[in-house]
Each structure stands twice: as structure tokens, then as C-alpha cells.
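> From first to last, the protein sequence lines are chains X and U. Position 278 of the first sequence, counted from 1, bears residue number 278 in UniProt numbering, the numbering being contiguous throughout. Position 121 of the second sequence, counted from 1, bears residue number 121 in UniProt numbering, the numbering being contiguous throughout. In this text, a Cβ means the ideal position worked out from N, Cα and C, and glycines have one as well. Please read all numbers here as calculations on a predicted model, not as lab measurements.
2 protein chains.
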Amino acid sequence: MSPSEQTIRFGIMGCADIARKVSRAINLAPNARIAAVASRSLEKAAAFARANNLPADAKIYGSYESLLDDPDIDVIYLPLPTTLHLKWATLAAQKKKHVLLEKPVAVTVAELDQILGACEANGVQFMDGTMWVHHPRTAKMREFLDDKHRFGELRTDNIRVKPDLDSLGALGDAGWYGVRAILWAAGYHLPKTAVATRAPVLSEQGVILACGASLHWEDGKSATFHCSFLTHMTMFLTAIGTQGTLQLNDFIIPFEEHEARFSTASQARFNDQVTGWEPGPVTEVVGIDGVPQEVCMIGEMARLVGEIKASGAGKVEMEWGMRSRKTQQVLNAVKESIEKGFVPVEIA
Amino acid sequence: MSPSEQTIRFGIMGCADIARKVSRAINLAPNARIAAVASRSLEKAAAFARANNLPADAKIYGSYESLLDDPDIDVIYLPLPTTLHLKWATLAAQKKKHVLLEKPVAVTVAELDQILGACEANGVQFMDGTMWVHHPRTAKMREFLDDKHRFGELRTDNIRVKPDLDSLGALGDAGWYGVRAILWAAGYHLPKTAVATRAPVLSEQGVILACGASLHWEDGKSATFHCSFLTHMTMFLTAIGTQGTLQLNDFIIPFEEHEARFSTASQARFNDQVTGWEPGPVTEVVGIDGVPQEVCMIGEMARLVGEIKASGAGKVEMEWGMRSRKTQQVLNAVKESIEKGFVPVEIA
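1. Could you spell out where the alpha helix (DSSP H) holding residue 255/U opens and where it closes?
2. Out of curiosity, what's the CA-to-CA distance linking residue 165/X and residue 341/U?
3. So for residue 226/X, helix, strand or coil by DSSP?
4. Does the separation of the CB atoms of residue 46/X and residue 60/X fall below 8 angstroms?
5. Alpha carbon to alpha carbon, how far is residue 203/U from residue 15/U?
6. Just the chain U side, please: which residues come within less than 9 angstroms of residue 40/X by C-beta, in chain order?
7. Within 8 angstroms, do at least three Cβ pairs link the segment 225-236 of chain U to the segment 114-131 of chain U?
8. Could you tell me whether the Cβ atoms of residue 242/X and residue 187/X are closer together than 8 angstroms?
9. In this structure, does DSSP put residue 159/U in helix, strand or coil?
10. If you scan the segment 16-46 of chain U from start to end, which runs of the alpha helix (DSSP H) of 4 or more residues do you find wholly inside it?
11. Within 10 angstroms of its Cβ, does residue 84/X collect 16 or more other Cβ (buried), or is it exposed?
12. DSSP three-state label for residue 168/X, please.
13. Closer than 8 angstroms, Cβ to Cβ, to anything on chain X: give me those residues from the segment 221-234 of chain U, in chain order.
14. Where residue 18/X and residue 273/U are concerned, what is the direct C-alpha to C-alpha distance, given to the nearest angstrom?
15. Residue 176/X to residue 159/X, Cα distance in whole Å?
16. Which bits of chain X does residue 351/U rub up against, with CB to CB less than 9 angstroms?
17. Under 8 angstroms Cβ to Cβ from residue 1/X, same chain only, skipping five residues before and after it: list those, please.
18. From which residue to which residue does the alpha helix (DSSP H) around residue 101/X run?
19. May I ask which residues mark the beginning and end of the alpha helix (DSSP H) holding residue 285/X?
20. Would you list the one or two residues that DSSP bridges to residue 244/X?
21. Beta strand (DSSP E) containing residue 177/U: first to last residue?
22. Could you tell me the distance, in whole angstroms, from the CA atom of residue 134/U to the CA atom of residue 253/U?
23. If we cut at 8 angstroms on Cβ distances, does residue 191/X have a partner in chain U?
24. My assumption, with CB atoms under 8 angstroms, is that residue 78/U sits in contact with residue 92/U. Please give the rounded CB distance.
25. Return the first residue and the last residue of the alpha helix (DSSP H) that residue 85/U is part of.
26. Any beta-carbon of chain U closer than 8 angstroms to the one on residue 197/X?
27. Drop a sphere of 10 angstroms on the beta-carbon of residue 168/X, count the other beta-carbons inside from all chains shown, and report buried for 16 or more, exposed for fewer.
28. Can you tell me the Cβ-Cβ gap for residue 58/U and residue 34/U, rounded? I've got them flagged as a contact below 8 angstroms.
29. In chain order, which continuous runs of the beta strand (DSSP E) of length 3 or greater are located wholly inside the segment 183-215 of chain U?
30. Should residue 326/X go down as buried or exposed, given a rule of 16 or more other Cβ atoms within 10 Å for buried?
31. May I ask which residues mark the beginning and end of the alpha helix (DSSP H) holding residue 8/X?
32. For the beta strand (DSSP E) containing residue 59/X, name the first residue and the last one.
33. What residues in its chain sit with their C-beta under 7 angstroms from that of residue 200/X, if we drop five residues either side in the sequence?
34. Using the three-state DSSP reduction, which class does residue 218/U fall into: helix, strand or coil?
35. Excluding the 5 residues preceding and the 5 following residue 345/U in the sequence, name in chain order all residues of the same chain whose CB lies nearer than 7 angstroms to its CB.
36. Pull the bridge partners of residue 143/U from the DSSP assignment, please.
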């Protein structure tokens, strides 16, 4: 068995709704298994284990501390509310546990920097829980975006999302996906400025219910996103290049699990009579070979952890952490732009 | 033969590229025929007649004035450059010719008001040359948007266009379509304010090559559009309601002439395991029964003119003119917002 094929032991910290899906993914991933689940209540942890087909030998803990003290855990999967991330992710790293952290990863960039610093200092892997980037469709879409002939240079992209996943503000939830997708399309190059769109919708308590922003790069590229808790579930992404366009309407969670689609148009012109397109768009269908995107994510995390374990502690891969950090930087700039009256905010 | 079935005689004023497509549409429309074509050069008009299968009895004129003086012309189709619209559309109306005017209809709202005033005073019909609103798909999409159960209330929509139709600024060309589509989705209710997106791209001569804006309604509804001459041809429209989402990628000119599609999702939720959508999206396919959208447009213009002719001069239908005017109002507000440094501009 190669280092990347050893079975990595996951501990689930907190029984949030999303943990059901991730525990299924850990069960399905060939190089991962659920070794423990912890809740602040032993009964709740036990009920979660029963309801989600956890392995019979998975340990049940009634506190997060005891999970962190278990020497037989490699990775902590942490779906706690965002405000608790700093404390528990940092503690997990200090206990030499690798960290798979649900999004949004932190309230501020400064908090995330503490988490990432703790991971690096303790030689543990960090990854956030964004699943769609691990879907094989995403790699196929990357091929299209990287094709100078079919797509050319990215000029603009545009995202609208409204998943009903959790109760955090729309910017941290749907906005996280929108910003992450924009950064993905832009090859993770940070924009220079963010400008919030006017008239965001806030709750009486100041929670963002709907907002948007435009992002602007030094090279003239631009992107817009909009996120809302107030509309029908919508998650489209359109990336427009000089030679082609990529479009899909289900980038966060594909309509169907077994296969996912995206549409491309390239070098399109109107026909001579201006009554149609030549060539027309192409729909690409990407099957998952029985491995859903969240299983790909767990598999990738386990592979990275396996390599670290095999090589002895030391240098960890920081790219996933940097991607989380850039997402957080943009989100915070958008929030600042809203607070300052829709002025452009420089992204450091 | 009912009034609306009489054959209406069209005169084509100017041999612009788009006139090829419209002359084909007039040839195909059962209640319309091409009675004349005019250019500033007799040779050019004759060459156009030959190249575009104009009827053998169509008259060929070497000046626009002689076309307007022909008593056997009912409608002038006017595809001249925008800066010439005020002069020639007004003259046409004064000569009691109905006016089918290419977009963008005018440089300013004040100019358009002169044109519309001349049409109303002279009892002639006005319509702009926006073809997609006449496609039977548009009526099917309207049904979806008007369905309180499937779509709910419109909250936001979003348009990106880059057709390569003519050499005018992107705001007047692609932007015209984007704004018109937004107004269409909003039931032609004007937004309260327009705010241009920062960092539009201007040529050295100050022509808008790429820009965008967000539009905001009193009721909290919002829309964004982006238009560009610098990207691959792209024309998507997404309308997001409280209960559903409408999406299509070819709203200006469908990918194929014989049938057009759009996608809807309604009351969608994630499934229990959060691994797919329930229900998924539905693709609706709308055939054209051999009548392309531009033929529908000509047919509608001829029908309206036929009714006016049958009833004797008098009251003309002004709704098409009002739609053009609202589009122009929003375009001008966006331009003003760009010029004033991206401030919100009230739409009167």
C-alpha cells in the first residue's frame, strides 16, 4: 500500500446537518474511515453514529476535548458554527490533528491567519469544506478555461448563488461559493478591488440577507457576484473569455449526483443570415464513476495526510489554506465596502 | 381578408447589413411585402435588391427623400446609423409613413420623444427593431414569469450580452438588449435608480467598449447587466424569483432558428442527503412553426398598420414606443452614472 493509500482516520467534531453528508463521504472514500464522533452531549453523538451508519468501532465522545485527546485520530472534520472555528481549529492543530474546516472558515482574515499559522507550525494539513472544486467536472471546466484557443483570456465572470445550506449571513454562505468560484476561474489571482453593489438587504439584526459586488483586477478583468437568502435556489456561473464562454447552473451541488454537465461556446459567430450561431454551444457531460464530489474531497484530504504521515512530520501543503484565505480576503473587502457606503476597497 | 391580413408595403431606407435579415423577414411574412428600397446611391440599392431577392416590382430609389415621397409605401424600415434616426424617422412620420426603427432608437430620450411625438401627431405606428421579444419562446417565458406558484415574485435578474452586430458603443448595442430584457422581465416597470459598475472600458475616442450597471426598484427588486465588445459572444439572461429561476443563454438570437429553449427551476430544494436537486430543472423547447422571430416582428408591425389603415387615421398604439422610451431612459441613466463617477442616477 502506497502512502497515499493508507486509511486515514477522521474524527467528526459536532453533529451539524452537513456532517451527515460528509460522514457518508468518509464512509465511501477508500482511503478514509470514521474513527470517532464528538458532540457536547454523548447522547447526541451516539444518535448521530446510529443514524449515519458509522462503523461499529467508531468511538463516541461527549466532549470536543476528548476527541482531540484521542491519539488514534488523524483528521478533525469541523462543521461547528463559524464563530467557534478559531478556538477549535487552533486547538486541533496544536494536538497535531489535520483540519478539514467547514466554510465560511472564519469571521475575519486575521482569525484565519491564526488557524493557518497553527496548522503550519504543527505540520498539519488544512483544507476547507468546499466540495465542488473536487468534482471531476471542475477539472474538465478548468481544461476549457486554460485553453487559449477555445476560451482565450478570462475577461469577466458572473455568479449568482442562493443555496439554503445554513443560517449564516448570505455573504458568508452563498457569497463564499460565489467568491470562491470567481477566484477559481481567475486561477486564484486576487482582484485589486472589491465594490459592493448598492442596496444590500440586511435583517433587523444587521445580518446580510442579500448582497453583491463587482471585483476588478489590474489587467481589466472583472467579475460580479450576487448572493441572497431571499430568492429561489440559484447557483449559476458564467465565465466569459475573449474566445469562449463557459456556463453552468448548478456549480455548488450538481442537479444529479451521477453525472454533471456544463456548457461551452467557443469562437461563436452568427451565421451569414444572422439567424443562428455557428458553431453552437456544446454540452459536456462528466460522470463521477460512483465517486461523488464530497468523496473526492475526503479522498484528497486523506491522500495529503497520508503523504505527510509517510514522510514524517514537517512541510505541509499550504495551497488549500491559501485558497481559503483569498476567499476570506475578498469576502471581508466586500463587507467593508458595504459598511463604507459602496466605495472601492483595495484587497491587500 | 380581415384588416390585419391585408398586405402592408414596406420601404427599406438604407442598405445596412441588418437590412438583409429584415428584408428576408418581410419577404416571409404573409401580411407584408417589400415595395421599395432606397440608398443614397441607386447602384447600391439595385445591388441590394438583387442580392436579397426583392420582388421584381420593388422600386429602387437613389435617395431617401424619393422613398418618402412614394405614396405606395406604408412602413419605412429604418436601419440607418443612430445619429440619423431623429431626422429620418421624423420626416417619415410627417410623410404619414409608419416607422420600424432599428435600435438603439436614438442618442437621447429627448430625441426619441421628438420621434414618438411625430409618430403620434401623424397617426403612424412606431416600433423598434428588437426581434427577440416577438419570438414565441418569449411568450412561453412570460407565462413562467407570471406564474406566482412556479416563479413567485421577481427579485433579481441578470444579463450579459456581447453580440457583434454593429459598431456603435457597447451600451447602445449590447446594452440595449440587456436593458430591454430586464425591463421585459420586470413587466416594463422602470427601476428607480441606475448605478454604473466601476471600471467601464472606453476607447480613446470615448466610445463605451464595455460597461455594466445595477438597477434598483422601489420594491427591493434589483437587476444587473454587463455588455462588452471585448469578449466572446455571450447573451445570457437569468431571472430569479422567490419560487423559481428562468435561465437561457441565447435570448437575442437563438442558437438555432427552428426551435429555441429555455430552462426553468421551480420550488427546488436539495434532496435529503444534499447530493442533488428535487425537483431538477426543466428545459422547455419552443418550435417556431416556420416563422422566425424577425418574421413575427414584421407580421406584428404589419398587423398594427393594417388595423390603423382599416380604421382610418387616428389613434395609434403607443405601447411599443413606450417600451423603446423606457429602454432609452435606462441607457441614458447608466451613461450619466458613468460620467458622474458611478453615483446612483434617478430615473425620472
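In terms of the structure at hand:
1. Stepping through the second sequence from its first residue, residue 255/U is reached at position 255. For residue 255/U, no alpha helix (DSSP H) segment is defined, and its DSSP state is neither H nor E.
2. The count along the first sequence starts at 1 and reaches residue 165/X at position 165. The count along the second sequence starts at 1 and reaches residue 341/U at position 341. The predicted position of residue 165/X is uncertain, since its pLDDT is 36 and thus under 50; no value can be drawn from it.
3. For the purposes of this step, residue 226/X is taken as residue 226 along the first sequence, with counting starting at 1. Residue state, collapsed to three classes: strand.
4. In the first sequence, residue 46/X corresponds to position 46, counting from 1. In the first sequence, residue 60/X corresponds to position 60, counting from 1. The answer is yes: Cβ separation under 8 angstroms.
5. As a first step, residue 203/U must be located in the second sequence, where it is residue number 203. As a first step, residue 15/U must be located in the second sequence, where it is residue number 15. Roughly 27 angstroms between the two C-alpha positions.
6. Sequence index remark: in the first sequence, residue 40/X carries index 40 (1-based). From the beta-carbon of residue 40/X, no residue of chain U is found nearer than 9 angstroms; the closest lies around 23 angstroms away.
7. Flag = no, the segment 114-131 of chain U and the segment 225-236 of chain U do not touch.
8. The residue you call residue 242/X lines up with position 242 of the first sequence. The residue you call residue 187/X lines up with position 187 of the first sequence. Not in contact: residue 242/X and residue 187/X (Cβ atoms no closer than 8 angstroms).
9. Translated into positions along the second sequence, residue 159/U becomes position 159. In the three-state DSSP reduction, residue 159/U falls in the strand class (E or B).
10. Here the runs fully enclosed are 17-28.
11. Here residue 84/X refers to the residue found at position 84 of the first sequence. The residue in question, residue 84/X, is exposed, as its Cβ has fewer than 16 Cβ neighbours within 10 Å.
12. Taking the first sequence and counting its residues from 1, one reaches residue 168/X at position 168. Reliability of the predicted coordinates at residue 168/X is poor, the pLDDT of 46 falling under 50, and no value is obtained from them.
13. Result list: 222, 224, 226, 228, 230, 231, 232, 233 and 234.
14. Your numbering for residue 18/X matches position 18 in the first sequence. Your numbering for residue 273/U matches position 273 in the second sequence. If you take the alpha carbons of residue 18/X and residue 273/U, they lie about 9 angstroms apart.
15. Here residue 176/X corresponds to residue number 176 of the first sequence, with the count starting at 1. Here residue 159/X corresponds to residue number 159 of the first sequence, with the count starting at 1. Put simply, the backbone Cα of residue 176/X is about 11 angstroms away from that of residue 159/X.
16. Nothing can be reported for residue 351/U, as the shown portion of chain U is limited to 1 through 348.
17. In the first sequence, counting from the first residue as 1, residue 1/X sits at position 1. With a pLDDT of only 45 at residue 1/X, under the threshold of 50, the placement of this residue in the model should not be trusted; the figure read from the coordinates follows. Within the same chain, residue 1/X has no close Cβ partners at all.
18. Residue 101/X sits at position 101 when you count from the first residue of the first sequence. Here residue 101/X belongs to no alpha helix (DSSP H); instead the beta strand (DSSP E) covers 98-101.
19. As a working mapping, residue 285/X is identified with position 285 in the first sequence. If you look at residue 285/X, you'll find it isn't in any alpha helix (DSSP H); it sits in the beta strand (DSSP E) that goes 282-287.
20. Here residue 244/X refers to the residue found at position 244 when the first sequence is read from its first residue. Partner(s): 266/X.
21. Your numbering for residue 177/U matches position 177 in the second sequence. Unbroken run through residue 177/U is the alpha helix (DSSP H), 174-185; no beta strand (DSSP E).
22. Numbered from its first residue, the second sequence carries residue 134/U at position 134. Numbered from its first residue, the second sequence carries residue 253/U at position 253. Those two C-alpha atoms are separated by around 11 angstroms.
23. Looking up residue 191/X in the first sequence gives position 191. The Cβ of residue 191/X sits no closer than 8 angstroms to any Cβ of chain U.
24. Within the second sequence, the letter at position 78 stands for residue 78/U. Within the second sequence, the letter at position 92 stands for residue 92/U. So it is a contact: roughly 7 angstroms between Cβ atoms.
25. Against the second sequence, residue 85/U aligns to sequence position 85. Residue 85/U -> alpha helix (DSSP H) spans 85-94.
26. Locating residue 197/X in the first sequence gives position 197, counting from the first residue. By this cut-off, residue 197/X is an interface position.
27. Taking the first sequence and counting its residues from 1, the one referred to as residue 168/X is at position 168. Low confidence applies here, because residue 168/X scores a pLDDT of 46, under 50, leaving its location unreliable and the question unanswered by this model.
28. Here the question's residue 58/U lines up with position 58 in the second sequence. Here the question's residue 34/U lines up with position 34 in the second sequence. The C-beta distance from residue 58/U to residue 34/U rounds to 5 angstroms, short enough to meet the 8 angstroms contact threshold.
29. Listed in chain order, they are 193-196.
30. Here residue 326/X is taken as the residue at index 326 of the first sequence, counted from 1. Here residue 326/X is buried, its C-beta having at least 16 other C-beta atoms within 10 Å.
31. Here residue 8/X refers to the residue found at position 8 when the first sequence is read from its first residue. Looking at the DSSP string, residue 8/X is not in any alpha helix (DSSP H); the run it does join, the beta strand (DSSP E), is 8-13.
32. The residue you call residue 59/X lines up with position 59 of the first sequence. Residues 59-61.
33. Taking the first sequence and counting its residues from 1, the one referred to as residue 200/X is at position 200. Taken in chain order, the residues that qualify are 208, 210, 211 and 338.
34. Residue 218/U sits at position 218 when you count from the first residue of the second sequence. Residue 218/U: coil per DSSP, three-state reduction.
35. The residue labelled residue 345/U in the question sits at position 345 within the second sequence. Excluding sequence neighbours, residue 345/U sits near 193, 194, 333, 336 and 337.
36. Position 143 of the second sequence, counted from the start, is the residue given in the question as residue 143/U. Answer is none; residue 143/U lacks a bridge partner.
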